[in-house]
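Q: End of the sequence shown = 656 in this note's numbering, gap-free, step of one.
Ideal Cβ positions, reconstructed from N, Cα and C, are used throughout, including at glycine.
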Amino acid sequence: MINKNNNNLNALRILGVSAINKANSGHPGIVLGAAPVVYTLFNKIMKHNPKNPKWFDRDRFVLSAGHGSALLYSALHLAGYNLSMDEIKNFRQWNSKTPGHPESHLTEGVDVTTGPLGQGVAMGVGLAIAESHTASVYNQSGINLVDHHTFVLCGDGDLQEGVAQESISLAGRLKLNKLILIHDSNDIQLDDKVEKAQSENMHERFKAAQWNTLKVTDGEDLVAIEKAINDAKLSEKPTYIEVKTIIGIGASKQGTSAVHGAPIGADIETVKNVFEWKYNDFEIPTEVYAHWNENISKNLSIEEKWNQELDKLKDVNPELWKQFTDAINKEINFDFEALKGKTPEKAEATRVSSGNIWDSINAQVKFLIGGSADLVSSTRIKGADGQFDVDNRSGRNILYGVREFAMGAINNGIHQHGGLIPFSSGFFVFSDYMKPAMRLSSIMNTQQLFIFTHDSVAVGEDGPTHQPIEQLAMIRSIPNHITFRPADYAETLASYKIALQDLKNCPSTLVLTRQDLTQLPHNDVYEEVKKGAYVMLDQPNATVTLIATGSEVGLAMETANKLKEDGIIAKVVSMPSTNLFDQQEQSYKDKVIDKSTLRVSIEMGTTYGWSKYTGDDGLNIGIDIFGASAPANTVISEYGFTSEQIFNKIKKVIK
Numbered sequence: 002m003i004n005k006n007n008n009n010l011n012a013l014r015i016l017g018v019s020a021i022n023k024a025n026s027g028h029p030g031i032v033l034g035a036a037p038v039v040y041t042l043f044n045k046i047m048k049h050n051p052k053n054p055k056w057f058d059r060d061r062f063v064l065s066a067g068h069g070s071a072l073l074y075s076a077l078h079l080a081g082y083n084l085s086m087d088e089i090k091n092f093r094q095w096n097s098k099t100p101g102h103p104e105s106h107l108t109e110g111v112d113v114t115t116g117p118l119g120q121g122v123a124m125g126v127g128l129a130i131a132e133s134h135t136a137s138v139y140n141q142s143g144i145n146l147v148d149h150h151t152f153v154l155c156g157d158g159d160l161q162e163g164v165a166q167e168s169i170s171l172a173g174r175l176k177l178n179k180l181i182l183i184h185d186s187n188d189i190q191l192d193d194k195v196e197k198a199q200s201e202n203m204h205e206r207f208k209a210a211q212w213n214t215l216k217v218t219d220g221e222d223l224v225a226i227e228k229a230i231n232d233a234k235l236s237e238k239p240t241y242i243e244v245k246t247i248i249g250i251g252a253s254k255q256g257t258s259a260v261h262g263a264p265i266g267a268d269i270e271t272v273k274n275v276f277e278w279k280y281n282d283f284e285i286p287t288e289v290y291a292h293w294n295e296n297i298s299k300n301l302s303i304e305e306k307w308n309q310e311l312d313k314l315k316d317v318n319p320e321l322w323k324q325f326t327d328a329i330n331k332e333i334n335f336d337f338e339a340l341k342g343k344t345p346e347k348a349e350a351t352r353v354s355s356g357n358i359w360d361s362i363n364a365q366v367k368f369l370i371g372g373s374a375d376l377v378s379s380t381r382i383k384g385a386d387g388q389f390d391v392d393n394r395s396g397r398n399i400l401y402g403v404r405e406f407a408m409g410a411i412n413n414g415i416h417q418h419g420g421l422i423p424f425s426s427g428f429f430v431f432s433d434y435m436k437p438a439m440r441l442s443s444i445m446n447t448q449q450l451f452i453f454t455h456d457s458v459a460v461g462e463d464g465p466t467h468q469p470i471e472q473l474a475m476i477r478s479i480p481n482h483i484t485f486r487p488a489d490y491a492e493t494l495a496s497y498k499i500a501l502q503d504l505k506n507c508p509s510t511l512v513l514t515r516q517d518l519t520q521l522p523h524n525d526v527y528e529e530v531k532k533g534a535y536v537m538l539d540q541p542n543a544t545v546t547l548i549a550t551g552s553e554v555g556l557a558m559e560t561a562n563k564l565k566e567d568g569i570i571a572k573v574v575s576m577p578s579t580n581l582f583d584q585q586e587q588s589y590k591d592k593v594i595d596k597s598t599l600r601v602s603i604e605m606g607t608t609y610g611w612s613k614y615t616g617d618d619g620l621n622i623g624i625d626i627f628g629a630s631a632p633a634n635t636v637i638s639e640y641g642f643t644s645e646q647i648f649n650k651i652k653k654v655i656k
């Protein structure tokens with residue numbers, strides 16, 4: 002069937018395609034084909050309030066197939082969100098609120114930023130985890146504060162991505178029954194038919210992952226779509242709904258890849274004729290707006306009742322109410338002074354320091370949630386209150402299994418839900434698996450923690466596959482992302498304080514050692530670490546400045562002593578965060594790193610990027626080849642990271 006003369010639905014189609022035509026860029030196929038799904042969600046299913054798009058108990062919608070952004074923007078405009086017709090006309094243009102792929106920080110009503118396929122599926126899982134957890138925590142004493150669904154619209158490409166399959170597996174294990182994944186199943190992808198790239202039965206695959214599955218055979222059947230979604234709400238499992246659509250329906254090239262990612266131009270007139278649309282581009286009848294706005298008053302009433310529930314919580318359990326409001330506002334408080342007093346006297350790996358600090362913070366801050374990729378025993382990072390599971394939704398430790406791709410993306414979804422600060426942990430070398438999610442987290446301005454251990458060739462026997470070399474440069478290069486590589490307990494504690502209390506609009510990465518490190522001669526370095534770098538050892542008339550991070554700061558101190566014995570005066574700079582240091586005033590930078598001295602960087606990783614601090618005449622001591630399998634001390638020595646070896650390298654330059 003074709004929905005002719007249904008202006009309420011077809012306004013969505015024509016508006017989206019008109020925007021694509023005007024921009025001469027976009028993806029009309031999904032706009033035309035998946036419009037009935039989006040229409041049904043916004044008008045018949047979802048609990049949402051365009052006048053308060055951040056209402057906590059709204060249903061969440063994820064357009065995982067982010068290339069269909071014109072469809073989402075058209076729906077937001079028609080539904081009454083703060084997205085004007087001028088913004089629709091400005092689709093994909095500079096400084097618009099309608100970028101090529103949805104960006105949550107730019108556009109009201111966009112819950113997550115999508116574009117890289119599969120990431121939205123994983124973020125949908127994260128949103129559902131967050132709903133389930135917060136419901137368990139706050140729905141007490143007859144108060145129903147959290148009760149909503151997460152709807153994800155995805156395409157064939159999404160489901161071919163590994164990150165989606167990892168996330169689907171975990172969602173089934175956790176029985177996230179308020180997660181509904183709707184598949185825009187049109188049998189076409191950009192290069193050819195879907196059958197040319199995959200052959201598995203999706204329903205059997207989802208069933209094997211412990212999902213409920215449903216199918217709508219006609220993507221134009223609004224009644225069937227609505228029924229399937231309502232049936233999905235009754236399931237005790239997450240639900241996969243396959244909706245058979247025709248890509249680019251109504252266009253001359255419908256059902257082919259030609260209509261996927263190129264404007265249809267004059268063929269829009271064919272589409273208008275097929276759907277009996279009698280209006281100009283960007284012209285919407287007032288009765289269509291009226292129809293789309295019918296739900297506003299109903300949802301306003303629902304939100305008013307929700308506000309009453311929140312007030313009730315304040316009366317019944319003021320402590321829990323404060324926890325909720327603190328969580329929403331990211332008010333993170335813990336006893337920093339007490340943790341300062343727990344500085345170990347003996348050498349200790351920063352992963353151990355981190356684990357001890359984290360356990361204390363986690364016990365005090367009740368809205369931290371996350372976990373590890375099957376590496377808690379190694380990273381020492383886990384959540385409190387038990388394992389998040391079917392029988393313990395209030396648990397804050399998520400067993401992600403060996404699913405780094407999913408872990409990072411799921412945590413993005415948890416953050417975007419609101420009311421929780423997510424964290425993840427793993428071996429630093431496997432940050433490669435998490436890079437797409439880390440990048441998206443930075444684009445979305447999320448506050449979350451990526452905590453990595455085993456940070457260098459000091460991993461030892463596991464060899465080059467497990468020894469990070471280029472990863473520090475990679476993570477440091479991500480815009481709006483702060484990386485810390487602390488040198489001891491005090492710097493680790495300061496890094497956590499900054500990440501949790503100061504950096505509200507960007508993610509933080511902590512990079513920690515496996516090997517023990519000597520505690521350096523300081524206690525509280527919060528203000529110093531906050532500036533990214535500071536002088537650890539200051540000596541008058543220094544001719545050399547040693548700049549080091551993490552485990553190499555202690556090594557730099559040893560080297561400075563050797564140099565002094567030889568009559569060479571060196572000062573030592575600890576640089577736990579190049580990103581924070583780069584943000585400082587030039588006067589501070591010049592005070593910390595004296596350009597009149599020989600500047601030497603010391604870090605057991607790539608030297609790439611260090612000339613920024615050492616200059617053209619500086620000395621960068623690092624590792625620009627892959628590591629090797631041997632005991633850690635052997636590897637460290639073979640790669641030249643003893644004080645004697647560094648001393649000799651500096652002497653050669655000075656002479």
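Three-state secondary structure (DSSP) at Ile-626?
A: Here residue 626 corresponds to residue number 625 of the sequence shown, with the count starting at 1. Note: Ile-626 maps to coil in three-state DSSP.
Q: When DSSP builds the beta bridges, which residues end up paired with Gln-388?
A: Counting from one through the sequence shown, the residue named residue 388 turns up at place 387. Bridge partners of Gln-388: Asn-398.
Q: Using only alpha-carbon positions, find the residue among Tyr-82, Ile-647, Thr-546 that is nearest to Thr-560.
A: In the sequence shown, residue 560 corresponds to position 559, counting from 1. When only C-alpha atoms are compared, the closest one is Ile-647.
Q: For His-49, count the other beta carbons within 10 Å of its own beta carbon; 16 or more makes it buried, fewer makes it exposed. Which is it?
A: The count along the sequence shown starts at 1 and reaches residue 49 at position 48. By the 10 Å Cβ count, His-49 comes out buried.
Q: From which residue to which residue does the beta strand (DSSP E) around Asp-185 run?
A: On the sequence shown, position 184 is the one that residue 185 refers to. Counting along the chain, the beta strand (DSSP E) containing Asp-185 begins and ends at 180-186.
Q: Extract the residue ranges of the alpha helix (DSSP H) inside the stretch 56-111, only unbroken runs of 4 or more that lie entirely within it.
A: List check, alpha helix (DSSP H) in window: 70-80, 86-90.
Q: If you draw a straight line from the alpha carbon of Tyr-241 to that of His-467, how long is it in whole angstroms?
A: Numbered from its first residue, the sequence shown carries residue 241 at position 240. Numbered from its first residue, the sequence shown carries residue 467 at position 466. Distance between the alpha carbons of Tyr-241 and His-467: 37 Å.
Q: Alpha carbon to alpha carbon, how far is Ala-633 from Ser-457? Give it in angstroms, no decimals.
A: Here residue 457 refers to the residue found at position 456 when the sequence shown is read from its first residue. Here residue 633 refers to the residue found at position 632 when the sequence shown is read from its first residue. Rounded to the nearest angstrom, the two C-alpha atoms are 10 Å apart.
Q: Quick test of your reading: Val-164 and Gln-199, contact by CB under 8 Å. State the CB separation rounded to the nearest angstrom.
A: Position 163 of the sequence shown, counted from the first residue, corresponds to residue 164. Position 198 of the sequence shown, counted from the first residue, corresponds to residue 199. Val-164 to Gln-199, Cβ: 16 Å. No contact.
Q: Secondary structure at Pro-423, three-state DSSP: helix, strand or coil?
A: One-based indexing of the sequence shown puts residue 423 at position 422. Pro-423 falls in the strand class under three-state DSSP.
Q: Per DSSP, Asn-393 is paired with what?
A: Your numbering for residue 393 matches position 392 in the sequence shown. According to DSSP, which records beta bridges pairwise, Asn-393 is partnered with Asp-390.
Q: Measure the beta-carbon distance from Gln-365 to Phe-335 and round it to whole angstroms, keeping in mind my assumption that it falls under 8 Å.
A: The count along the sequence shown starts at 1 and reaches residue 365 at position 364. The count along the sequence shown starts at 1 and reaches residue 335 at position 334. Correct: roughly 4 Å between the Cβ atoms.
Q: Return the CA-CA distance between Ser-26 and Glu-604, expressed in angstroms with no decimal places.
A: Position 25 of the sequence shown, counted from the first residue, corresponds to residue 26. Position 603 of the sequence shown, counted from the first residue, corresponds to residue 604. Rounded to whole angstroms, Ser-26 to Glu-604 spans 45 Å at the Cα level.
Q: Output the distance between the C-alpha atoms of Leu-10 and Ala-76, rounded to the nearest integer angstrom.
A: The residue you call residue 10 lines up with position 9 of the sequence shown. The residue you call residue 76 lines up with position 75 of the sequence shown. So the two alpha carbons sit approximately 10 Å from each other.
Q: Hey, out of Ala-543, Ser-19, Ile-230, whose CA is closest to Phe-283's CA?
A: Stepping through the sequence shown from its first residue, residue 283 is reached at position 282. It is Ser-19 whose Cα lies nearest to the Cα of Phe-283.
Q: Is it a yes or a no for the stretch 35-50 touching the stretch 113-129, going by three-plus beta-carbon pairs under 8 Å?
A: No contact exists between the stretch 35-50 and the stretch 113-129.
Q: Between Ile-248, Ala-491, Pro-465, which has its C-alpha nearest Asn-357's C-alpha?
A: Stepping through the sequence shown from its first residue, residue 357 is reached at position 356. Asn-357 has its Cα closest to that of Ala-491, out of Ile-248, Ala-491, Pro-465.
Q: Does the contact criterion of 3 or more C-beta pairs under 8 Å hold for the stretch 497-505 versus the stretch 609-621?
A: Because the criterion of three Cβ pairs below 8 Å is not met, the stretch 497-505 and the stretch 609-621 do not touch.
Q: Extract the residue ranges of the alpha helix (DSSP H) inside the stretch 478-517, only unbroken runs of 4 or more that lie entirely within it.
A: With a minimum length of 4 residues, the continuous alpha helix (DSSP H) runs that stay inside the stretch 478-517 are 490-498.
Q: Excluding the 5 residues flanking Phe-62 on each side, which residues of the same chain have their C-beta closer than 7 Å to its C-beta?
A: For the purposes of this step, residue 62 is taken as residue 61 along the sequence shown, with counting starting at 1. Excluding positions up to five away in sequence, the list reads Leu-42, Met-47, Asp-112, Phe-152.
Q: Output needed for Ile-470: all residues of its chain with C-beta closer than 7 Å, excluding positions within five of it in sequence on either side, in chain order.
A: Position 469 of the sequence shown holds residue 470. Cβ neighbours of Ile-470 beyond the five flanking positions: Gly-606, Thr-607, Ile-624, Phe-627, Gly-628.
Q: Give me, in chain order, the residues of the same chain whose beta-carbon lies closer than 7 Å to that of Gln-388; leave out the 5 immediate sequence neighbours on both sides.
A: The residue you call residue 388 lines up with position 387 of the sequence shown. Cβ within range, chain order: Gly-396, Asn-398, Leu-400.
Q: Please state the DSSP three-state secondary structure of Ser-457.
A: The residue you call residue 457 lines up with position 456 of the sequence shown. Looking at Ser-457 - three-state DSSP - the assignment turns out to be coil, as it is neither helix nor strand.
Q: Taking all protein chains shown into account, decide if Leu-235 is buried (16 or more other Cβ within 10 angstroms of its Cβ) or exposed.
A: Here residue 235 refers to the residue found at position 234 of the sequence shown. Leu-235 is exposed by the Cβ-count criterion.
Q: By Cβ distance below 7 Å, which residues in the same chain neighbour His-292 in space, the five residues on each side in sequence not counted?
A: In the sequence shown, residue 292 corresponds to position 291, counting from 1. Cβ neighbours of His-292 beyond the five flanking positions: Asn-9.
Q: With distance defined between alpha-carbon atoms, name the residue in Ala-131, Gln-520, Asn-140 nearest to Lys-343.
A: Stepping through the sequence shown from its first residue, residue 343 is reached at position 342. It is Gln-520.
Q: For Arg-394 and Val-39, I'd like the C-alpha separation in whole angstroms.
A: Residue 394 sits at position 393 when you count from the first residue of the sequence shown. Residue 39 sits at position 38 when you count from the first residue of the sequence shown. Answer to the nearest angstrom: the Cα atoms are 30 Å apart.
Q: Short of 8 Å in beta carbon distance, which residues of its chain neighbour Val-530, apart from the five on each side in sequence? Order them along the chain.
A: Taking the first residue of the sequence shown as 1, we reach residue 530 at position 529. Hits under 8 Å: Phe-485, Pro-487, Glu-492, Ala-495, Ser-496, Ile-499, Pro-577, Ser-578, Leu-581.
Q: Let me check one thing: in DSSP terms, what residues is Tyr-434 bridge-paired to?
A: As a first step, residue 434 must be located in the sequence shown, where it is residue number 433. Tyr-434 is not bridged to any residue.
Q: Taking DSSP as the reference, what is the three-state secondary structure of Phe-152?
A: As a working note, residue 152 is residue 151 in the sequence shown. If DSSP states are grouped into helix, strand and coil, Phe-152 belongs with the strands.
Q: If you draw a straight line from the C-alpha of Ala-210 to the C-alpha of Lys-179, how long is it?
A: Taking the sequence shown and counting its residues from 1, one reaches residue 210 at position 209. Taking the sequence shown and counting its residues from 1, one reaches residue 179 at position 178. Roughly 16 Å between the two C-alpha positions.
Q: Whole angstroms are fine: how far does the CA of Ser-354 sit from the CA of Met-475?
A: In the sequence shown, the residue the question calls residue 475 occupies position 474. In the sequence shown, the residue the question calls residue 354 occupies position 353. Approximately 25 Å, taken between the alpha carbons.
Q: How many whole angstroms separate the CB atoms of Leu-547 and Val-512, which I take to be in contact at a CB cut-off of 8 Å?
A: Reading the sequence shown from its first residue, position 546 is the one you call residue 547. Reading the sequence shown from its first residue, position 511 is the one you call residue 512. In fact, because the Cβ distance is near 20 Å, the residues do not count as touching under 8 Å.
Q: Can you tell me whether Thr-544 is helix, strand or coil according to DSSP?
A: Here the question's residue 544 lines up with position 543 in the sequence shown. Correct three-state label for Thr-544: coil.
Q: Measuring straight from C-alpha to C-alpha, what distance separates Leu-620 and Lys-653?
A: Here the question's residue 620 lines up with position 619 in the sequence shown. Here the question's residue 653 lines up with position 652 in the sequence shown. So the two alpha carbons sit approximately 11 Å from each other.
Q: Given Lys-98, which residues of its chain have a CB within under 7 Å of its CB, disregarding the five upstream and five downstream residues?
A: For the purposes of this step, residue 98 is identified with residue 97 of the sequence shown, where counting begins at 1. Result list for Lys-98: Leu-84, Glu-88, Leu-107, Thr-108, in chain order.
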